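Engineer:
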Amino acid sequence: MIVHALILAGGRGSRLGDVRKAGIRIGGRTLLARVAERMSGMPLLISTGPGPAEAPTEGIALADQDTAHNGPMAGIEAALRHLRGRAHEDDLLLTVAVDTPFLPADYRARMIAALDAGAPAAYAAWGSDIYPTNAIYRLSALHALAPANLPDSPKRLLQNLGAAPVDWSAACGDNPFANLNILADLVALGRRARQTGQ
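With UniProt numbering, the residue at position 100 of the sequence shown is 100, and numbering never jumps.
Structure follows, in structure tokens:
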């Protein structure tokens, strides 16, 4: 079994003035570099959205303009298309949003462990807050769905699969899935990086 990592980095950053999130710096490092470091040791795919984008040297950039979906689902569909015929049905797909600069060090291990009970998928949570773009899937469960039958959002996909939550609220003092959507988030994440030295 191989765990394939997919960084969902195709967002336009429309609420940030159309700045691509992947290149935004937190604590002196780009969001893409921070997340890619957490995904090291796995085959790495980066969904870049509808146009080319630079990928870390160890990753494969996937443009998703030829998919039937938009947003994160376009990235998931592009990854499935890339992996079909290259990956084994027993393999797993671990997804993460590029704007998750404080992703926990045990993200991979805990997400894989969540599937040990036989669930087809699992997703990250912080108490009552859920993060559907930070998830893990059995490729066999995803390949059982034709691309045209994929729902329009990761949240709905996880619901359809009966995914299990993986809650970090008891394990981490601060939300490790805090993400970046507006300028206030950028300020808060930058402050956190300075305070924690991360």
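C-beta atoms are modelled at their ideal positions from N, C-alpha and C, and glycine is treated no differently. If you're wondering where the values come from, they're calculated on a predicted model, not measured in any experiment.
Which residue comes first and which comes last in the beta strand (DSSP E) that contains H4?
Structural biologist: Counting along the chain, the beta strand (DSSP E) containing H4 begins and ends at V3 to L8.
Engineer: Determine the contact status of K21 and A33, defining contact as a CB-CB distance below 8 Å.
Structural biologist: no
Engineer: Please state the DSSP three-state secondary structure of A163.
Structural biologist: coil
Engineer: Taking only the alpha-carbon atoms, compute the straight-line gap between A117 and A163 and give it to the nearest angstrom.
Structural biologist: 11 Å
Engineer: Look at the alpha carbon of D106 and the alpha carbon of P165, and state the distance between them as a whole number of angstroms.
Structural biologist: 15 Å
Engineer: Leaving out the 5 sequence neighbours to the left and right, which residues in its chain are closer than 7 Å to N160 when beta-carbon positions are compared?
Structural biologist: By the criterion of a C-beta distance shorter than 7 Å, N160 is surrounded in its chain by P151, once the five residues flanking it on both sides are discounted.
Engineer: For S47, name the three-state secondary structure that DSSP assigns.
Structural biologist: Secondary structure of S47 (DSSP, three-state): strand.
Engineer: Quick one: grab the DSSP three-state call for I26.
Structural biologist: strand
Engineer: According to DSSP, simplified to helix, strand and coil, what is A117?
Structural biologist: coil
Engineer: Within its chain, find whatever has a CB closer than 8 Å to the CB of A188; leave out the 5 residues flanking it on each side and keep chain order.
Structural biologist: A178
Engineer: Who are the near neighbours of Y131 in its chain, counting only those whose CB is closer than 6 Å to its CB and skipping five residues on each side?
Structural biologist: A124 and F177
Engineer: Sort out for me which residues DSSP pairs R138 with in a bridge.
Structural biologist: R138 is bridged to L92.
Engineer: Select from A170, I24, A122 and I7 the residue whose C-alpha is nearest the C-alpha of N181.
Structural biologist: I24
Engineer: Roughly how many angstroms lie between the CA atoms of R108 and L94, to the nearest whole one?
Structural biologist: 8 Å
Engineer: May I have the straight-line CA-CA distance separating L157 from S128, to the nearest angstrom?
Structural biologist: 19 Å
Engineer: Going by DSSP, what residue range makes up the alpha helix (DSSP H) through G41?
Structural biologist: First-last for G41: undefined, no H or E at that position.
Engineer: For I60, report the span of its beta strand (DSSP E) as first-last.
Structural biologist: Note, I60: beta strand (DSSP E), G59 to A63.
Engineer: Within this structure, are the beta carbons of A87 and H4 separated by less than 8 Å?
Structural biologist: yes
Engineer: Measure the C-alpha to C-alpha separation of A141 and N70 and round it to an integer number of angstroms.
Structural biologist: 21 Å
Engineer: Report the residue from D99, Q198 and H143 whose alpha carbon sits nearest the alpha carbon of V19.
Structural biologist: D99
Engineer: Taking the alpha carbon of N134 as the point to measure from, which residue in F102, G28, A144 and A78 has its own alpha carbon closest?
Structural biologist: F102
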